[in-house]
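Worksheet for the structure shown next.
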Amino acid sequence: MKNFLLKLSLVVVLLLSIRTVSANVSLVVLGDSLSAGYGLSSQQTWVAELDRRWQQTHPQYAIINASISGETTTGGLRRLEGVLERHNPDALFIELGGNDGLRGFNLSTVRSNLEQMIDKAQAEGVKVALSQVMVPPNYGQRFAEQFTSLYKEVAEQKNVPLIPFFMEPLIEESTDYVQNDGIHPTAEAQPKIADFLEPHLVDLLQRAQ
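Taking mature numbering (1 follows the signal peptide of the UniProt record, and there is no 0), I'd label the letters of the sequence shown as residues -23 to -1, 1 to 186.
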């Protein structure tokens, strides 16, 4: 019995290590509550959904969620160096700025923070993709348009892919995909977000190989 348990333990360790060994291209998601899974468990997030899928379809890819609810571009910039050192990723998906916009932060600061994050990652040889982020129109049409344009300009200037805002099709499709606060996606929305983002992120990882 003792030998059986020892062998079983070795098998479990081996199985757990297979994913780490086989995953030779890694992606870090640096985001806010939309990616951290506000109101959900870590295993319900779209990031966890992609990880489960890729274990079967793309075992060479690993995805790491470094998102924090409430995060701003300033906080992301402050954390980025440590995130890069800890995970040593091949690719980085930046999904930040929503909290900056909702709090009415200065757009020049948001722009500078995004540019610095991209510069820091690229200096380490990391392939970067930037998520488009939008704010509700009730913040003023002019501010909303300037905020949206900011991301397009940064992506063009830094020559990085701009991935469409994944919340926009969810809001248009069904209210069931958005929590009662009108901002955060529900658990039911997470596979939809994974469907939307997967081709963009696979393309990013392929370019990082």
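Cβ atoms here follow ideal geometry from the backbone N, Cα and C, with glycine treated the same way.
Within 10 Å of its beta-carbon, does GLU48 have 16 or more other beta-carbons around it, so buried, or fewer, so exposed? buried
Using the three-state DSSP reduction, which class does VAL155 fall into: helix, strand or coil? strand
Can you list, in chain order, the residues of its chain with a C-beta nearer than 8 Å to that of GLY117? Leave out the 5 residues immediately preceding and following it. none
Any beta carbon from chain C within less than 8 Å of TYR116's own beta carbon? Among the protein chains of the structure shown there is no chain C, as only one such chain exists.
Which same chain residues, not among the five before or five after LYS(-22), have their C-beta less than 8 Å away from its C-beta? Any reading at LYS(-22) is ruled out, since the residue's pLDDT is 46, under 50, leaving its predicted position unreliable.
Answer yes or no: do residue 188 and SER12 have a C-beta to C-beta separation smaller than 8 Å? Residue 188 falls outside the range modelled here, since the chain spans only -23 to 186, and no answer is possible.
Candidates ALA98, GLU149, ASP158 and GLN123, of which the one nearest HIS64 by Cα: ALA98
Between the C-alpha atoms of ILE140 and ASN83, what's the straight-line distance to the nearest angstrom? 23 Å
Can you check which of these residues, LYS129, THR51 and PHE173, is closest to THR86 by C-alpha distance? THR51
Under three-state DSSP, which class holds ALA68? strand
Can you find the residues in the same chain that come closer than 7 Å, C-beta to C-beta, to GLN167, ignoring five residues on each side of it along the sequence? GLN21, THR22, TRP23 and GLU26
Given GLU133, which residues of its chain have a CB within under 6 Å of its CB, disregarding the five upstream and five downstream residues? none
Between which two residues does the alpha helix (DSSP H) harbouring VAL24 extend? 23 to 34
Which class does ILE40 belong to by DSSP, given the choice of helix, strand or coil? strand
Chain-order list of residues whose beta-carbon lies under 6 Å from that of THR125 (same chain, five-residue window excluded): MET111
In the DSSP assignment, what residue or residues form a beta bridge with LYS104? ALA68
Over the uninterrupted alpha helix (DSSP H) stretch that includes SER3, give me the two end residues. SER3 -> not in any alpha helix (DSSP H); beta strand (DSSP E) instead, spanning 2 to 8.
Should ALA114 be labelled buried (16 or more other beta-carbon atoms within 10 Å of its own) or exposed? Ala is not the amino acid found at residue 114; the sequence shown has Pro there. It counts as exposed.
Less than 8 Å between the CB atoms is what I'm expecting for GLU165 and ASP153, so what's the real figure, rounded? 6 Å
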